[in-house]
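What follows is a set of notes on a single structure, which appears directly below.
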Amino acid sequence: MTRSRSAPHPETNPSRTINRDPDAMPPLSKAVPLGIQHIMAMFAGNVTPPIIIAGVIGATTGEQIFLIQVALFVAGIATLIQTIGIGPIGARLPIVQGTSFGFLPVALPLAGTFGLAAVLGASLVAGVLQVGLGAYLKKIRHWFSPVVTGIVVLLIGIILMPVGLNYAAGGIGNPDFASPTNLGLALFVLGVTIIAHQFGRGFVKAASILIGLSSGYLLAIALGMVDFSSVGDAAWFAVPRPLQYGLEFHLTAIVGMTLIMFVVGLETIGNISAITIGGAGRQAKDSELSGGVMADGVATSFAAIFNTLPNTAYAQNVGLITLTGVVSRHVVTIGGILLICMGLFPKLGGLVAAMPHAVLGGAGIVMFGMIASAGLKIIQECELNQRAMLIIAVSLSLGIGLPAVEAISETMPGQLGLLLKSGLVPAALAALLLDAVLPGKPSRVEPKPEEAIAAKSEKVKSNL
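Just add 23 to wherever you are in the sequence shown, counting from 1, and you've got our numbering.
Written as structure tokens, this is what we have:
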């Protein structure tokens, strides 16, 4: 007996118990650095979508700085909604919210046709509907099997890949497009990112994208490719203004954004489950899943009011939690407060806006490719029988083929062609319809009991 008390089992070790408790508060000397680490891991992913959307709408440098500023501010507020909660809203888990890549394939053509106001109006509606999704989650969750969700996530990555390559070449319209300098700079960022991810440990591995971007930025400065005039013009302090671009409501935009919202909501469910299984060592509670999805919806509508794209739970931070073993929601609350503070200083947005497109493109090649890889990982949760293969075949053909043959969408009446142009909306609808009407049910590939937790941990790490 004495021996067992002197050498406690890992699961009863007091420090480990604190780490596994979402309500535990580590000492500030540890909590603050851990909160900063979470921000560093998600920073690049959070500011990339507003930079891309700014290019589509032809935003000025000042507008681009503003879009980066509000993306940081909104991510901080949305993170606090998740960690602290408001009534039934919020998972009260260490969930970091940020601007979602998932909406970009639909948002980009919508912004190019209708303008940013239409995207924001559709996001507002989609966010409200996502709150309803969270409230009735248990009743409709069966609509979205892994084969449906995996197809959509896979296509998001595939559709965004040309965006990353265009940026790697210097950005469309750049007189030096595809120059050796731009391509070489993007290749450098890509190489640094891969090395940091594959050979780094802990924080270095989790922040591999940020390390790649920072290294490329420094090299671009050394090569004289960076113009810092925008930083000098930016204010030191400014409170983000709501409804700067207004809100417009177009049925086409609402349909497209709402459909993707359902899939992104299910990604949030997966992230919450990964946190509780890989970090807290238990299954997620219904209240945590429902509250987390509702908080996603509130954050998306709030983001629309404050001029930025929908927000969602960030998988890279889930991976960071499984690596560190610290599941304290208060650590992430500190990170959310830091994001809000960063969003109040436009000069920081100016520094990000000054980054050459080629630097962002080098990291985008990895980020968008990893989204596609995550989709493949989700699809693997289902048995790839003839039924599943048929759903995948039809959906991928529509999702990849329609954007490649623009003449088809141009012949469609009204705004139907715009929904077809992205490829993602018709592919998602096809996957949902076929999964609902084809005989049989999707069969999950269940891991062995001793492998279940390890499989969940590996899944979130694959999103880094």
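Idealized CB from N, CA, C, for every residue including glycine. Quick caveat, the model's predicted, so the values are computed rather than measured.
Check                                                                                                                                                                                   : Outcome
Give the range of the beta strand (DSSP E) segment to which P336 is assigned.                                                                                                           : The sequence shown places Ala at residue 336, not Pro. Here the beta strand (DSSP E) through A336 covers N334 to A336.
Taking the beta carbon of L407 as the centre, do at least 16 other beta carbons fall within 10 Å, making it buried, or is it exposed?                                                   : exposed
On a CA-only basis, which of A219, G150, E271 and A427 is nearest A134? Give me that one, please.                                                                                       : E271
Cβ of N340 within 8 Å of Cβ of M63?                                                                                                                                                     : no
Does the beta-carbon of K53 have 16 or more other beta-carbons within 10 angstroms, so that it is buried, or is it exposed?                                                             : exposed
In three-state DSSP terms, what is G121?                                                                                                                                                : strand
So, using beta-carbon positions, are L289 and T136 closer together than 8 Å?                                                                                                            : no
If you draw a straight line from the C-alpha of S396 to the C-alpha of L242, how long is it?                                                                                            : 29 Å
Output the boundary residues of the alpha helix (DSSP H) element that contains A430.                                                                                                    : E429 to E433
What does the Cβ neighbour count give for V286, buried or exposed, with the cut at 16 atoms within 10 Å?                                                                                : buried
Can you say whether E311 is buried or exposed, counting buried as having 16 or more other CB atoms within 10 angstroms of its CB?                                                       : buried
Let's test the definition: count the other Cβ atoms within 10 Å of the Cβ of L332 and tell me whether it reaches 16, buried, or not, exposed.                                           : buried
To the nearest angstrom, how far is it from the Cα of A261 to the Cα of S202?                                                                                                           : 37 Å
Under 8 Å: do the region 362-370 and the region 148-165 share three or more Cβ pairs, one atom per stretch?                                                                             : no
So the candidates are S351, P198 and L457; which of them puts its Cα closest to the Cα of P45?                                                                                          : S351
Using only the alpha-carbon positions, how far apart do V316 and S123 sit?                                                                                                              : 14 Å
Helix, strand or coil: which one does DSSP assign to I91?                                                                                                                               : helix
Quick check: the Cα distance between D309 and V428, rounded to an integer number of angstroms?                                                                                          : 44 Å
Return helix, strand or coil for I112, following the three-state DSSP convention.                                                                                                       : strand
What are the start and end residues of each continuous alpha helix (DSSP H) run of 4 or more residues lying completely inside the region 310-385, in chain order?                       : 338-347, 352-366 and 369-376
Could you check whether the region 250-261 touches the region 371-380, counting it as contact only if at least three pairs of C-beta atoms, one from each stretch, sit closer than 8 Å? : yes
Which whole-angstrom value is the C-beta distance of P449 and D458, which I expect to be below 8 Å?                                                                                     : With a Cβ gap of about 15 Å, P449 and D458 do not count as contacting.
Within 10 angstroms of its Cβ, does S420 collect 16 or more other Cβ (buried), or is it exposed?                                                                                        : exposed
Between the beta-carbon of G446 and the beta-carbon of I182, is there less than 8 Å?                                                                                                    : yes
Can you check which of these residues, K444, L439, L90 and A451, is closest to V417 by C-alpha distance?                                                                                : A451
Go ahead and label P119 buried or exposed: buried means 16 or more other beta carbons lie within 10 angstroms of its beta carbon, across all protein chains shown.                      : Residue 119 is actually Val in this sequence, not Pro. Under this definition V119 is a buried residue.
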